[in-house]
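Report on the following structure.
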Amino acid sequence: MTAATTPRHRVSTTTAQMRDLADTVADASVWSMDPAETGTTLVELTRLAAQVSELQARVAAHADDLHIGHEVGASSAANWLAHETKATRAEAHRAVRFGHALEAHSLTRDALAAGRLLVEQARVILRWVDRLPADLGAETLGRAEQHLLEQAKDHDAKALNVLGRHLYEVIAPEEADAHEAAQLEAEETAAAKACRFTLYDDGQGQAHGTFTIPTYHAAALRKALTAITAPKHQAATHGAGATAERRPTPEALGEALCELIERYPTDKLPHTGGVNATVTVLIDLDVLLDRLEKACVLDTGEKISPGLARRLACEAGIIPAVLDGHSTPLDLGRKRRYFTEHQRVAMLLRDHGCTAEGCDHTTGLHAHHRTRWVDGGQTDLDNGVSLCHWHHNRAHDPSYDTTYLPTGKVQFHRRT
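To convert, take the position in the sequence shown, counting from 1, and add 76; that gives the numbering used here.
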């Protein structure tokens, strides 16, 4: 008997039949379905999708057990599936893991296979049951799984996830407090390690970013932004006629974050190279006095409009040297060894970053004496250069020669 005439498994024959049936309605119009039939059919299709998902997960796990794809060089059944179906590798691996997880939780698998449970709900149940200590025993774990399955009849995946957090209280109430405390501590430790912040400028006047922070800090940030968007605050800062969102929208929260950044007191921030982490705007006097329209430059290299620069000048402290107003002593000669904050800012504006050749660092810069103070060097701008931390160390490293070029750049060469 050849493989072609061998009776196929009923799962494969049923799958073929379902696909054939789906083909028969591929071009069927639904305009003639009345509201009641439409609603009933939509619910049934949702249940059918859950059943098909369970079957797919079950077959995916079996394919993984059989090492499907090895014969054609695939490293795993999931990678083979991704290649064959053009699904993402992440989604294919997720299907295989889901199938294996359902194998270990027959109650959830049966409910999903019967269409009484949705995939999102099933994943929540599996996640919370698997988080329970294994030493609770099979009977207790089974009760926990059954409890969540009962709750799934009346709650969607999001609400079920909230209930899952309190699962231990249901199955072992006498130990729930200690378990919750330990769980929260573990989550906080993991959250601290998972902290991330990325920010990039799209070159069109907007910056985009993503971040991951612990729950506590998220709550604190949300409260701070909500306070800024509160009607009373908006009326106080923008006038009594200002309109404000009663419930903060993403746009309102975004504006609040910008206000928080602008108004955060820089004297509360750590110093970088002896200067507060303050963004400095290089603005011409004519631009400031509205006699000239010209882009202004931040000390980090980005450009802003003259209108924004003038607004910042009205709301923030401006260093006199930048305004060309009342002079602040910048050349202290031998009376002082360390550069002042005003000197450091002036140096940053002049140098536009680390002056070492090939270095593009623009933040956290140090003020360095070209001629050392102990050798008679003056503490003034002509004797100062901006260097990043690494190159500042090289300037004081006896194994390197330091050369100050006419262009204002600094060269370093290891001595031989």
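Built from N, CA and C at the ideal position, the CB exists for glycine as well.
DSSP three-state assignment for residue i, whether helix, strand or coil
{"i": "G453", "result": "coil"}
{"i": "D140", "result": "helix"}
{"i": "L374", "result": "strand"}
{"i": "L194", "result": "coil"}
{"i": "T117", "result": "helix"}
{"i": "T404", "result": "Confidence in T404 is poor, its pLDDT being 41 and thus under 50, which makes the residue's placement unreliable; the coordinate value appears in the next sentence. Residue state, collapsed to three classes: coil."}
{"i": "G429", "result": "coil"}
{"i": "V461", "result": "strand"}
{"i": "R448", "result": "coil"}
{"i": "K379", "result": "strand"}
{"i": "T89", "result": "helix"}
{"i": "V106", "result": "coil"}
{"i": "T492", "result": "coil"}
{"i": "A443", "result": "strand"}
{"i": "T164", "result": "coil"}
{"i": "R84", "result": "coil"}
{"i": "V421", "result": "helix"}
{"i": "V101", "result": "coil"}
{"i": "D362", "result": "helix"}
{"i": "T325", "result": "coil"}
{"i": "D477", "result": "strand"}
Integer-rounded CB distance, given that residue j should sit under 8 Å from residue i
{"i": "T288", "j": "R272", "result": "4 Å"}
{"i": "G484", "j": "T431", "result": "6 Å"}
{"i": "L374", "j": "L333", "result": "So it is not a contact: roughly 19 Å between Cβ atoms."}
{"i": "P476", "j": "H489", "result": "The sequence as given places Tyr at residue 476; Pro does not occur at that position. With a Cβ gap of about 7 Å, Y476 and H489 count as contacting."}
{"i": "E130", "j": "A189", "result": "5 Å"}
{"i": "Q197", "j": "A233", "result": "5 Å"}
{"i": "G460", "j": "H437", "result": "Between H437 and G460 the Cβ distance is about 17 Å, and since that is not below 8 Å, they are no contact."}
{"i": "M109", "j": "T100", "result": "No, M109 and T100 are not in contact; Cβ-Cβ is about 16 Å, not under 8 Å."}
{"i": "I247", "j": "A210", "result": "Their Cβ separation, rounded to whole angstroms, is 13 Å, which puts I247 and A210 out of contact at 8 Å."}
{"i": "T492", "j": "V486", "result": "So it is not a contact: roughly 19 Å between Cβ atoms."}
{"i": "D277", "j": "A283", "result": "5 Å"}
Reference residue i; option with closest CA among the options
{"i": "F174", "options": "T161, Q454, V195", "result": "V195"}
{"i": "D497", "options": "R420, L425, T438", "result": "No answer is possible for residue 497: the residues shown for the chain start at 77 and end at 492."}
{"i": "L425", "options": "E433, A443, G115", "result": "A443"}
{"i": "A133", "options": "E120, L178, A104, S182", "result": "L178"}
{"i": "G429", "options": "R448, T447, H468", "result": "H468"}
{"i": "L275", "options": "A267, G285, A266", "result": "G285"}
{"i": "A294", "options": "G460, A267, V106, A283", "result": "A267"}
{"i": "R192", "options": "W107, A150, L121", "result": "L121"}
{"i": "G281", "options": "A92, M94, I380", "result": "I380"}
{"i": "P482", "options": "D473, T492, H181, E433", "result": "E433"}
{"i": "T305", "options": "A98, C464, T291, P326", "result": "P326"}
{"i": "R170", "options": "S182, A150, R199", "result": "R199"}
{"i": "L212", "options": "S182, C435, L243", "result": "L243"}
{"i": "S462", "options": "D473, P474, C435, D451", "result": "C435"}
{"i": "P290", "options": "E335, D277, E261", "result": "E261"}
{"i": "L336", "options": "L368, A303, R367", "result": "A303"}
{"i": "A98", "options": "V128, E245, E147", "result": "V128"}
{"i": "H176", "options": "H472, R203, D103", "result": "R203"}
Cβ-based neighbour list, residue i, same chain, cut-off 8 Å, excluding 5 preceding and 5 following
{"i": "L406", "result": "For L406, the predicted model reports a pLDDT of 40, less than 50, meaning its position is unreliable and no value from the coordinates is stated."}
{"i": "A153", "result": "A136, A139, D140, L142, H143, I144, G145, V172"}
{"i": "T161", "result": "A168"}
{"i": "R165", "result": "A154, N155, A158"}
{"i": "V106", "result": "T114"}
{"i": "R367", "result": "none"}
Other residues of its chain near residue i: CB distance less than 7 Å, five sequence neighbours each side excluded
{"i": "Q227", "result": "L236, L239"}
{"i": "L217", "result": "V205, L208"}
{"i": "T447", "result": "G453, N459"}
{"i": "L124", "result": "G191"}
{"i": "A126", "result": "L188, G191, L193, L194, V195"}
{"i": "E147", "result": "none"}
Same chain only: Cβ atoms within 6 Å of residue i, ignoring 5 sequence neighbours per side
{"i": "I201", "result": "T184, L224"}
{"i": "A92", "result": "none"}
{"i": "L329", "result": "L301"}
{"i": "D473", "result": "none"}
| said: In chain order, what are the residue ranges of uninterrupted alpha helix (DSSP H) at least 4 long that sit wholly in the stretch 215-295? | reply: Those alpha helix (DSSP H) runs which fall completely within the stretch 215-295 and span 4+ residues are 233-241, 243-247, 252-269.
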